[in-house]
Ligand SMILES: Cc1cc2nc3c(=O)[nH]c(=O)nc-3n(C[C@H](O)[C@H](O)[C@H](O)COP(=O)(O)O)c2cc1C
């Protein structure tokens, strides 16, 4: 069982990482192998909206024309059994790196070739509002929407705020254990 965690935070020791690590630790205890990807340290452009009609080869070939780290991260995701998307809450929404990545991923997934390996893959979202604590639910709605558009089987979504982070770690560990035991999700 392989789990790939994609983080929209650059901080491997921050609040988003604490929450994501709880899921991954719970899964590791049951034999899962976990890989962590921190999007902000990668070279990831935003979508270029290549053609006048707004589309590009994402629509016709299911891949992105931009030669950066995107394709490599997508390959890791496709190889995983489960995907975990963890983002800090910025302005009650996804972080910029998570937005840039998922904006391009959903386009790629509009073609069958791009969607292959993503469709029906179990995915979990975590949104950590680490400032005043406002916006984690709104952020979860954004993340749920874009992951569903990509075709993931979104099995759970965790709104977390600074004030309840510690209390949620146990739930996150349990979710990780559940994922590692290859649950029937549909
Ligand atoms: C541009 C920006 C916008 C933010 N907006 C919010 C917000 O709407 N609600 C909130 O509780 N925290 C907000 N924060 C705080 C982040 O949620 C917090 O820094 C983050 O969860 C910490 O995660 P990290 O330790 O992984 O970086 C914001 C931070 C930044 C940099």
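Numbering (the working numbering), first residue to last: 41 to 226. Every residue, glycine too, gets a C-beta built ideally from N, C-alpha and C.
Three-way DSSP call (helix, strand, coil) for residue 125 in this model
Position 85 of the chain shown, counted from the first residue, corresponds to residue 125. Residue 125: strand per DSSP, three-state reduction.
May I ask you to verify whether the region 55-72 touches the region 87-98, counting CB pairs closer than 8 Å and requiring at least 3?
Contact annotation: the region 55-72 does not touch the region 87-98, with fewer than three C-beta pairs closer than 8 Å.
Whether or not the region 131-150 and the region 172-190 are in contact is what I'm after, with contact meaning three or more pairs of Cβ atoms, one per stretch, closer than 8 Å; do they touch?
Three or more Cβ pairs drawn from the region 172-190 and the region 131-150 lie within less than 8 Å of each other, which places the two stretches in contact.
Residue 214, buried or exposed, once every other Cβ within 10 Å from all chains shown has been counted against 16
Numbered from 1 along the chain shown, position 174 holds the residue referred to as residue 214. Exposed: under 16 other Cβ atoms inside 10 Å.
Helix, strand or coil, according to DSSP, for residue 88 in the structure here?
If you number the chain shown from 1, residue 88 lands on position 48. The answer is coil: DSSP assigns residue 88 none of H, G, I, E or B.
Rounding to the nearest angstrom, what Cα-Cα distance links residue 95 and residue 69 in this structure?
For the purposes of this step, residue 95 is taken as the residue at position 55 of the chain shown. For the purposes of this step, residue 69 is taken as the residue at position 29 of the chain shown. Here the C-alpha atom of residue 95 lies approximately 44 Å from the C-alpha atom of residue 69.
Quick check: is any heavy atom of ligand 1 less than 7 Å from the C-beta of residue 132?
Mapped onto the chain shown, residue 132 falls at position 92. Yes, ligand 1 has a heavy atom inside 7 Å of this Cβ.
CA-to-CA distance, residue 188 to residue 159, given in whole angstroms
Numbered from 1 along the chain shown, position 119 holds the residue referred to as residue 159. Numbered from 1 along the chain shown, position 148 holds the residue referred to as residue 188. Per the coordinates, the alpha-carbon of residue 159 lies some 9 Å from the alpha-carbon of residue 188.
What residue from 183, 196, 149 has the CA that sits closest to residue 135's CA?
As a position in the chain shown, residue 135 is number 95, starting the count at 1. The residue with the shortest Cα to Cα distance from residue 135 is 183.
For ligand 1, any of its heavy atoms closer than 7 Å to the Cβ of residue 199?
Position 159 of the chain shown, counted from the start, is the residue given in the question as residue 199. In this structure, the C-beta of residue 199 stays at least 7 Å away from each heavy atom of ligand 1.
Measure the C-alpha to C-alpha separation of residue 150 and residue 190 and round it to an integer number of angstroms.
Numbered from 1 along the chain shown, position 110 holds the residue referred to as residue 150. Numbered from 1 along the chain shown, position 150 holds the residue referred to as residue 190. The alpha-carbon atoms of residue 150 and residue 190 are separated by roughly 7 Å.
Beta-carbon proximity list for residue 77, same chain, < 8 Å, skipping 5 on both sides:
In the chain shown, counting from the first residue as 1, residue 77 sits at position 37. Excluding positions up to five away in sequence, the list reads 44, 45, 46, 47, 113, 116.
Start-to-end residues for the alpha helix (DSSP H) that takes in residue 105:
In the chain shown, counting from the first residue as 1, residue 105 sits at position 65. That residue, residue 105, is in no alpha helix (DSSP H); it is neither H nor E in DSSP.
DSSP state of residue 181, grouped into three classes?
Locating residue 181 in the chain shown gives position 141, counting from the first residue. Helix at residue 181.
Report yes if the C-beta distance between residue 163 and residue 72 is below 8 Å; otherwise report no.
Start at 1 with the first residue of the chain shown, and residue 163 comes out as number 123. Start at 1 with the first residue of the chain shown, and residue 72 comes out as number 32. No, these two residues do not count as a Cβ contact at 8 Å.
CB of residue 105 within 8 Å of CB of residue 97, strictly
In the chain shown, counting from the first residue as 1, residue 105 sits at position 65. In the chain shown, counting from the first residue as 1, residue 97 sits at position 57. Going by C-beta atoms, residue 105 is nearer than 8 Å to residue 97.
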